[in-house]
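>
Protein chains in written order, with the numbering used here: chain A, 197 to 597; chain B, 193 to 455.
This is the structure:
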């Protein structure tokens, strides 16, 4: 088991998803039990499903100097960076530490592949990319992180983590390692994934997409609803911001089982959970709330509900919020980290929207409707294809395990 | 910041010209090695997986298997950092072409193989590895940024880490944009303490800029033709287990590597 880690301060955080732009909009939608899902009006060809689309992402115009980065994914990143005073906090950190001492560590599963899809839809007469699409930097997985580093003027380490649906959870771990080693003083973490035909038709081909709004942990659940989102957090040493909420721990582990199906006993998920609790110095009963991965896929929810049942007492509340946002894939980690932090800040346990007829495998921990109670410690689970599991532990300012 | 000190216990390498690290040693020693067969063997994969796996997976698993074998370590104990600038370009080319013409015909297998962490996913499945695993990218700095992440894991958790950096050749219209002409993959087993298997000691330091270390031909040409071949200055240095080189760790950040032989 790893040593207990020194917590990090989360000095700014924000998310933009189908339920709104910024934290206040997210809190409002969660309190009002208002889903952001809508019938699919995005894909290049008809596909009967529901999606979590961010209104206006296509209308965002980047400054001329950043025009070479324009594409839906980077536009959504830009929109999200402008919420909750995030840019100003990064600028203050930059003035304090210097641009080379702040890392940009971002998760994404498909980056701006939507732009590559577009280039293929309108190849020029020679069969090559049209002139306006000849922008190599956006046709690569690193597009998002390179864009954000450029937009923020940061010159420290810059890394893309792309482990499917755990991507933007794992970047918290990258940041902790670099800060602990003294490579950096602060890190911008988070991630962005946007709707594109690759994921809509890809998950459809795997028969994992529901024709209705997704129903996490419902007995009749029949697949995911894909969403898009962007979110960011600024991490600094705890002594610089003792009044900020904390990253208490993180856990990472591999299933070693199957590329697109979770381990039947949730082995990797449980190893990631135990790793996170150990680094945080927590016992399971100290956890007040868990934001579950809860995709509404048959297997994920079954395995994850069983893990909650065997690892936590009923006082630990648990829910999936994918009925609100859809499954935002590589952005799910940061969106749900934001919701976990909102739960701590506002004492709101969001209800598990869509679970109207609970699967009997779900135990007493499940919060089917909103609950109001003090939350000191919250976890967020994120599991990805390839059996890639991550778990994050957050706590309110001043909490000591 | 003091230097990050780590140790190398194993090296893997595969390109159309070089079957392994020994072939690079021969080449730099003045002998032209025999080129490997056209497809990486990837013997770590079970035969049925090997037949079906895309080239990106075969390439990564080939070099990973070489490095782990050289280290003598149990693969299942190693945390994994797999880096690639472009992921599986032939699959991206296939998916974008199919989506433009007949999206409902998209292959489910090719889609699940399209995730950036497909190679490390197959590796952990084949080796029964439950340790943390990740898949990263940083454009032409993918090797340097991956090395920095791997070194961070080695030192913060005091554990051995398998670093892989590989890219296949581009194909289709996308291939003209990525400008990636031939496959190249390499792997290192990195540790926090020296052992009887240690080949060299590395001291890593971040530097503001990164004048890429000079390389002689044919290595310079190979480096130009594949972003993962940015590792070649370090690999060449490993053949004599000493020296200093500079690699890109990000667009605006360099990584200076000082290497010493350990007796």
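Where a beta carbon is used, it is the ideal one built from N, C-alpha and C, also for glycine.
(1) To the nearest angstrom, how far is the alpha carbon of residue 357 of chain A from that of residue 557 of chain A?
(2) Counting only the same chain and skipping the five closest in sequence on each side, list residues whose C-beta sits under 8 Å from that of residue 447 of chain B.
(3) Within a Cβ cutoff of 7 Å, which residues of the same chain sit near residue 592 of chain A, ignoring the five residues on either side of it in sequence?
(4) What are the partner residues of residue 523 of chain A, as DSSP defines its beta bridges?
(5) CB-CB under 6 Å to residue 264 of chain A, same chain, minus the five flanking residues each way: which ones, in chain order?
(6) Show which residues of chain B have a CB atom less than 7 Å away from the CB atom of residue 312 of chain A.
(7) How would you call residue 388 of chain B, buried or exposed, if buried means at least 16 neighbouring beta carbons within 10 angstroms?
(8) Could you name the residues that DSSP lists as bridge partners for residue 307 of chain B?
(9) Taking residue 246 of chain A as part of the beta strand (DSSP E), name the residues at either end of that continuous run.
(10) May I ask which residues mark the beginning and end of the alpha helix (DSSP H) holding residue 585 of chain A?
(11) Tell me whether the beta-carbon of residue 394 of chain A lies closer than 9 Å to the beta-carbon of residue 309 of chain A.
(12) Going by beta carbon distance, what residues of the same chain come within less than 6 Å of residue 534 of chain A, once the five residues before and after it are set aside?
(13) Grab the span of the alpha helix (DSSP H) containing residue 268 of chain A for me, first residue to last.
(14) Would you verify that the beta carbon of residue 203 of chain B is, or is not, closer than 9 Å to some beta carbon of chain A?
(15) At 3 residues or longer, and completely inside the segment 500-553 of chain A: list those beta strand (DSSP E) runs for me, N to C.
(16) Please work out which residues of its chain come closer than 6 Å, Cβ to Cβ, to residue 330 of chain B, disregarding the five sequence neighbours upstream and downstream, and give them in chain order.
(17) Exposed or buried, which one is residue 416 of chain B when buried takes at least 16 other CB atoms within 10 Å?
(18) Could you list which residues in chain A have their beta carbon closer than 7 Å to that of residue 303 of chain B, in chain order?
(19) Does the Cβ of residue 354 of chain B have 16 or more other Cβ atoms within 10 Å, making it buried, or fewer, making it exposed?
(20) Roughly how many angstroms lie between the CA atoms of residue 221 of chain A and residue 567 of chain A, to the nearest whole one?
(21) Looking only at its chain, what residues have a beta carbon closer than 7 Å to the beta carbon of residue 314 of chain B, apart from the 5 residues adjacent to it on each side?
(22) Closer than 9 Å, CB to CB, is residue 356 of chain A near chain B or not?
(23) Identify which residue in A:229, A:414 and A:204 has its Cα closest to the Cα of residue 216 of chain A.
(24) Do residue 375 of chain B and residue 227 of chain B come within 9 Å of each other at the CB atom, strictly closer than that value?
(25) How about residue 243 of chain B and residue 202 of chain B: are their beta carbons less than 9 Å apart?
(26) So residue 414 of chain B is in the alpha helix (DSSP H); what residue range does that whole segment cover?
(27) Okay, do the segment 344-354 of chain A and the segment 377-394 of chain B touch, 3+ Cβ pairs below 8 Å being the bar?
(28) I want to verify the contact list: residues of chain A whose CB lies under 7 Å from the CB of residue 369 of chain B, in sequence order.
(29) Check the DSSP bridge columns for residue 568 of chain A and list the partner residues they point to.
(30) Contact criterion: CB-CB distance below 9 Å. Does residue 450 of chain B meet it with respect to chain A?
(31) Which residues in chain B have a C-beta closer than 8 Å to the C-beta of residue 418 of chain A? List them in chain order.
(32) Label residue 323 of chain A either buried or exposed according to how many other C-beta atoms from any shown protein chain fall within 10 Å of its C-beta, with 16 as the threshold for buried.
(33) Taking 8 Å as the cut-off, does the segment 273-289 of chain B touch the segment 299-308 of chain B (at least 3 CB pairs, one atom from each stretch)?
(34) Using a C-beta cutoff of 9 Å, does residue 341 of chain B count as contacting chain A?
(35) So is residue 370 of chain A in contact with chain B if we call contact Cβ pairs under 9 Å?
(36) Can you name the residues that DSSP bridges to residue 204 of chain B?
Taking the structure as given:
(1) 33 Å
(2) 336, 339, 340, 396, 397, 398, 399, 402, 438, 439, 440 and 441
(3) 441, 540 and 572
(4) A:422
(5) 331
(6) 284, 288 and 366
(7) exposed
(8) Answer is none; residue 307 of chain B lacks a bridge partner.
(9) 246-248
(10) Taken as a continuous stretch (DSSP letters only), residue 585 of chain A belongs to no alpha helix (DSSP H), being part of the beta strand (DSSP E) at 584-591.
(11) yes
(12) 209, 211 and 427
(13) 268-277
(14) no
(15) 513-515
(16) 337
(17) exposed
(18) 398, 401 and 402
(19) buried
(20) 18 Å
(21) 237, 241, 245, 249 and 253
(22) yes
(23) A:229
(24) no
(25) no
(26) 411-416
(27) no
(28) 325, 330, 332 and 335
(29) A:544
(30) no
(31) Residues of chain B passing the Cβ test: none, with the nearest at roughly 17 Å.
(32) exposed
(33) yes
(34) yes
(35) yes
(36) B:379
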